[in-house]
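Per the numbering used here, the very first residue in the sequence shown carries number 875; after that it's consecutive. Using N, Cα and C, we set each Cβ at its ideal position, and we do this for glycine too. Below you'll find the structure, written out as structure tokens, and then a few comments.
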Amino acid sequence: LTASDLAATLPRPETPKMVPVMKPAGDGYFLSDTGLSRARSDEADVWTIRFTHPLASIETVEEMAMMGAAQTAIEQKKDGFVLLTSRSFARTMHVSNTMYGVVLSQYDRNEGYEAQLRVRFVDSAALPPLADMGWRVIKASEVISSLSSKYRRSGGVTVAW
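Here it is as structure tokens:
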């Protein structure tokens, strides 16, 4: 085991720059897509909540997605949500340098992590007719109170350049 192999297996230390700010993401083309994005599906009160960040750990990105789901629930006048599906993954960019059709170099570059949640917003007092749903309801106020002290909030959109 070489020193570089050992260093690659160790967790990356978190710095203040790595702690994300809760803010809306840009459009992903001209503005950075780093941050929170939300999309309503055709089903009533079912949304996809997505949070991405280039430096934060995958656990932090997952917490930020949960915070975004809780904030969206409050905005939609619901007191909780049910997590239907979730997925988290590392984002990479494949770079290929070519000249006159000849590949000079290729490499993959780390682009951070992304967490996606598909949630249904609910009122805990009047749950929709899904069997045994009560135990699955996550209270939005509890998520916000437990995570709001860890992360800053911003209303701005980050410009990519």
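Linking residue 1026 to residue 875 through their CA atoms gives a straight-line distance of about 40 Å. Considering only 942, 892, 948 and 972, the residue with the shortest C-alpha distance to residue 927 is 892. Here DSSP, grouped into helix, strand and coil, assigns residue 886 to coil. By the criterion of at least three beta-carbon pairs nearer than 8 Å, the region 1010 to 1019 is in contact with the region 948 to 965.
In this structure, DSSP gives residue 957 an extended state, which the three-state scheme calls strand. In the three-state reduction of the DSSP assignment, residue 991 falls in the strand class. The region 911 to 992 is shown to contain whole alpha helix (DSSP H) runs of 4 or more residues at 932 to 949, in chain order. In the same chain as residue 959, and ignoring 5 residues on each side of it, the C-beta atoms closer than 6 Å to its own belong to 992, in chain order. For residue 1017, the enclosing alpha helix (DSSP H) begins and ends at 1014 to 1021.
Counting C-beta atoms within 10 angstroms of its own C-beta, residue 894 has 16 or more neighbours from the protein chains shown and is therefore classed as buried.
A Cβ-Cβ separation of about 12 Å leaves residue 990 out of contact with residue 965 under the 8 Å criterion. Excluding five sequence positions before and after residue 982, the CB atoms of its chain that fall closer than 6 Å to its own CB belong to 966 and 968, given in chain order. With 16 or more other CB atoms across the displayed protein chains lying within 10 angstroms of its CB, residue 1017 is buried. Distances from the alpha-carbon of residue 885 to those of 900, 933, 922 and 988 put 933 closest.
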